[in-house]
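Q: Residues in the sequence shown are numbered from 4 upward in steps of one, following this note's numbering.
Before I ask anything, let me first share the structure, which is written out below as structure tokens.
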Amino acid sequence: MRVLVVNAGSSSLKLRVLGATDQLELSQDLRTVHGRPDPAALRRALDAAGAVDAVGHRIVHGGTQFRAPVLVDQSVTARLRALTDLAPLHQPKSLAALEAVSAALPGVPAVACFDTAFHAGLPPEATTYALPPEWRRRWNLRRYGFHGLSHAWAARRAAELTGRSASGFRVVTAHLGAGASLAAVRDGCSVDTTMGFTPLEGLVMATRSGSVDPGLVLWLQEHVGTPPEELAATLEHRSGLLGLAGTADMRDVLIAAGERADDGADSSGPTTTVPPADARLALGVYVHRLRGAVAAMAAALGGLDALVFTGGVGENAPEVRRLVADGLAFLGIAVDPGRNAGAGGTGTATAAIRDAAEPGANDLDIGVRGAPVRVFVVESREDLEIARSVRGILDPGRRSDPPLECEPAA
């Protein structure tokens with residue numbers, strides 16, 4: 004089954020075609036306006052892709068209604084549209100892409116795959132905010148979690164790399180990119196995560212603040228008169244690394260902080276203008292939050308067998324991985340300096356195979372041999388997780404592994 008995977012971003016539409024054995028047959032990114040690509044450009048891309056048997060769409064939010072991938076019809080589309088208030092920045096773009104591709108490929112079945120679905124089985128203690136029950140019931144206020152497609156893939160790959168089944172396997176997956184979150188995964192099921200009702204909760208990110216004291220927001224409203232729109236824009240788009248260091252790019256932060264050589268510098272000076280003191284503070288806050296969150300996830304699991312780094316920062320910033328591991332030695336986490344340095348970033352160990360079509364070709368074990376906890380760098384392959392889900396819906400008889408049965412959250 005050839006599957007077209009569609010991933011709608013903030014300003015682009017990522018198209019990937021995966022063959023029957025998961026080989027990557029086409030990869031193309033199209034520019035979009037309000038989530039919609041130029042129809043002619045989309046048509047050219049689809050013509051280049053050739054015939055496909057199904058389309059898998061990444062949808063950010065499934066709410067409590069969609070706990071697993073689902074075949075799209077008019078009813079599903081309407082229900083997805085009703086969830087827009089839960090993800091106003093992302094859901095409209097996903098729906099626009101769904102409509103555009105479905106119109107261009109009439110008759111080709113489409114499957115919606117949700118970033119929230121992997122966390123749908125979180126236990127009540129992990130989903131419940133300590134708020135009055137009438138609030139929680141009336142507005143369905145709870146922790147949803149995100150990046151589920153990436154976490155699911157990373158957890159599965161970690162089990163494969165250790166030669167273990169999912170049963171009894173305890174892994175923390177760290178998806179570190181522009182957005183960042185952790186998941187605690189046991190028996191193949193998510194039991195805790197750092198993002199909550201929105202993707203704003205949790206870790207420090209590129210432009211998002213992560214968790215802040217709610218009283219701080221109330222104080223700004225009451226004493227400063229900051230309007231909700233400005234609060235939202237600041238917490239979402241002007242905070243995180245950008246707010247701390249003046250740049251959302253972790254590479255610039257690492258260079259300015261003295262953790263990475265400035266390979267692009269020349270006689271005219273360094274390539275980054277980030278003040279070193281600001282960069283050191285930003286990196287310190289980022290790593291401090293990340294270490295604490297990894298430890299919290301390990302506590303939720305009752306121990307730890309593996310830690311996985313994935314996402315743009317997770318895969319390409321060995322300095323961040325080293326700093327995180329250095330503070331978690333008490334958990335049995337240790338990275339090998341040589342292998343860690345060679346996994347992305349300034350190293351070259353993976354450069355030759357970065358574009359390899361074989362799934363998992365870029366995944367590396369960077370842990371110290373014999374350490375209690377295995378440490379991996381796993382290439383983020385949401386496209387493969389989506390294709391796997393599509394085949395599970397449309398051709399369940401050919402699944403190589405049984406679907407996991409995670410206990411639903413109350």
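Ideal Cβ placement from N, Cα and C applies to all residues, glycine included.
Owing to the predicted nature of the structure, the values given are computational and were not obtained by experimental measurement.
Is Ser153 buried or exposed, if buried means 16 or more other CB atoms sit within 10 Å of its CB?
A: By the neighbour-count rule (16 or more Cβ atoms within 10 Å), Ser153 is buried.
Q: Relative to the C-alpha of Val8, which candidate in Pro95, Leu86, Phe117 has its C-alpha closest?
A: Val8 has its Cα closest to that of Phe117, out of Pro95, Leu86, Phe117.
Q: Using three-state DSSP, classify Ala85 as helix, strand or coil.
A: Ala85 falls in the coil class under three-state DSSP.
Q: Just list the beta strand (DSSP E) runs in the region 127 to 180, keeping only unbroken ones of 3 residues or longer that don't cross its boundaries, in chain order.
A: You should have 173 to 179.
Q: Just to confirm the assignment: which complete beta strand (DSSP E) runs, minimum length 3, are found wholly within the region 7 to 66?
A: Taking only runs of at least 3 residues, the beta strand (DSSP E) segments lying wholly in the region 7 to 66 are 15 to 21, 27 to 36, 57 to 62.
Q: Name the one or two DSSP bridge partners that Leu367 has.
A: According to DSSP, Leu367 bridges with Val380.
Q: Which partner residues does Ser193 have in the DSSP bridge list?
A: Val188, per the DSSP bridge assignment.
Q: Candidates Arg139, Arg145, Ala209: which alpha carbon is nearest Gly199's?
A: Nearest option by C-alpha distance: Arg145.
Q: How about Leu33 and Leu18: do their beta carbons lie closer than 8 Å?
A: Their beta carbons are under 8 Å apart, which means Leu33 touches Leu18 by this criterion.
Q: Which residue comes first and which comes last in the beta strand (DSSP E) that contains Ala264?
A: First-last for Ala264: undefined, no H or E at that position.
Q: Smallest Cα separation from Thr165: which of Pro375, Arg283, Asp398, Leu387?
A: It is Pro375.
Q: May I ask you to report which of helix, strand or coil DSSP gives Thr201?
A: Thr201 falls in the coil class under three-state DSSP.
Q: Thinking C-beta only, is Ala90 closer than 8 Å to Val63?
A: Yes, they are a contact pair.
Q: Compute the distance between the beta-carbons of Val188 and Ala158, then report whether it is under 8 Å.
A: Closer than 8 Å, so yes.
Q: Can you tell me whether Gly206 is helix, strand or coil according to DSSP?
A: The displayed chain sequence assigns Leu, not Gly, to residue 206. It is coil, neither helix nor strand.
Q: Can you check which of these residues, Gln26, Glu262, Arg61, is closest to Leu284 by C-alpha distance?
A: Per the Cα distances, Glu262.
Q: Let me know if Phe333 comes out buried or exposed under the rule of 16 or more other beta-carbons within 10 Å of its beta-carbon.
A: Exposed, because fewer than 16 other Cβ atoms sit within 10 Å of the Cβ of Phe333.
Q: Which two residues bound the contiguous alpha helix (DSSP H) that contains Val220?
A: 217 to 222 is the extent of the alpha helix (DSSP H) around Val220.
Q: Is Leu304 helix, strand or coil by DSSP?
A: In the structure shown, Leu304 sits in a helix (DSSP, three-state: H, G or I).
Q: How many angstroms separate the CA atom of Val36 from the CA atom of Val114?
A: For Val36 and Val114, the distance between alpha carbons rounds to 23 Å.
Q: Under 8 Å, do Leu223 and Ala260 count as touching if we go by C-beta distance?
A: Going by C-beta atoms, Leu223 is not nearer than 8 Å to Ala260.
Q: Taking the C-alpha atoms as reference points, what is the distance between Val381 and Pro202?
A: Whole-angstrom Cα-Cα distance: 22 Å.
Q: Pairs of beta-carbons, one from the region 170 to 183 and one from the region 304 to 320, closer than 8 Å: are there three or more?
A: Cβ pair count under 8 Å is three or more, so yes.
Q: From Arg47, Arg141, Leu238, pick the residue whose C-alpha is nearest to that of Val104; which is it?
A: For the residues Arg47, Arg141, Leu238, the minimum Cα distance to Val104 belongs to Arg47.
Q: Closest by CA to Gln68, which one among Thr119, Arg39, Ala52, Ser168?
A: It is Thr119.
Q: Using a Cβ-Cβ cut-off of 6 Å (strictly less than) and excluding sequence neighbours within five positions of Gly12, which residues of its own chain qualify?
A: Within the same chain, Gly12 has no close Cβ partners at all.
Q: Report the residue from Gly295, Ser168, Asp255 whose alpha carbon sits nearest the alpha carbon of Gly330.
A: Nearest option by C-alpha distance: Gly295.
Q: Hey, Tyr289 and Leu238: beta-carbon distance below 8 Å or not?
A: Taking 8 Å as the Cβ cut-off, Tyr289 and Leu238 do not qualify as a contacting pair.
Q: Hey, out of Ala346, Leu206, Ala43, whose CA is closest to Phe149's CA?
A: Among Ala346, Leu206, Ala43, the Cα nearest to that of Phe149 is on Leu206.
Q: Only counting runs of 3 or more residues, tell me where the beta strand (DSSP E) segments fall wholly within the region 96 to 126, in order along the chain.
A: DSSP runs (the beta strand (DSSP E)) wholly in the region 96 to 126: 113 to 117.
Q: Identify the continuous beta strand (DSSP E) that holds Thr313 and give its terminal residues.
A: Segment 309 to 313, the beta strand (DSSP E) holding Thr313.
Q: So, under 8 Å CB-CB, Ala303 and Asp195 are touching, yes? Tell me the CB distance rounded to an integer number of Å.
A: 4 Å between Cβ atoms; contact.
Q: Any idea which residues DSSP pairs Ala328 with across the strands?
A: Answer by DSSP bridge pairing: none, since Ala328 is not bridged.
Q: Rounded to the nearest angstrom, how far is the Cβ of Ala1 from that of Val174, given a contact under 8 Å?
A: Outside the shown range of the chain, which is 4 to 413, sits residue 1, and nothing can be said about it.
Q: Alpha carbon to alpha carbon, what distance is there between Pro72 and Ala85?
A: About 17 Å.
Q: By the 10 Å Cβ neighbour count, where 16 or more other Cβ atoms means buried, how is Ser212 classified, buried or exposed?
A: Buried is the call here.
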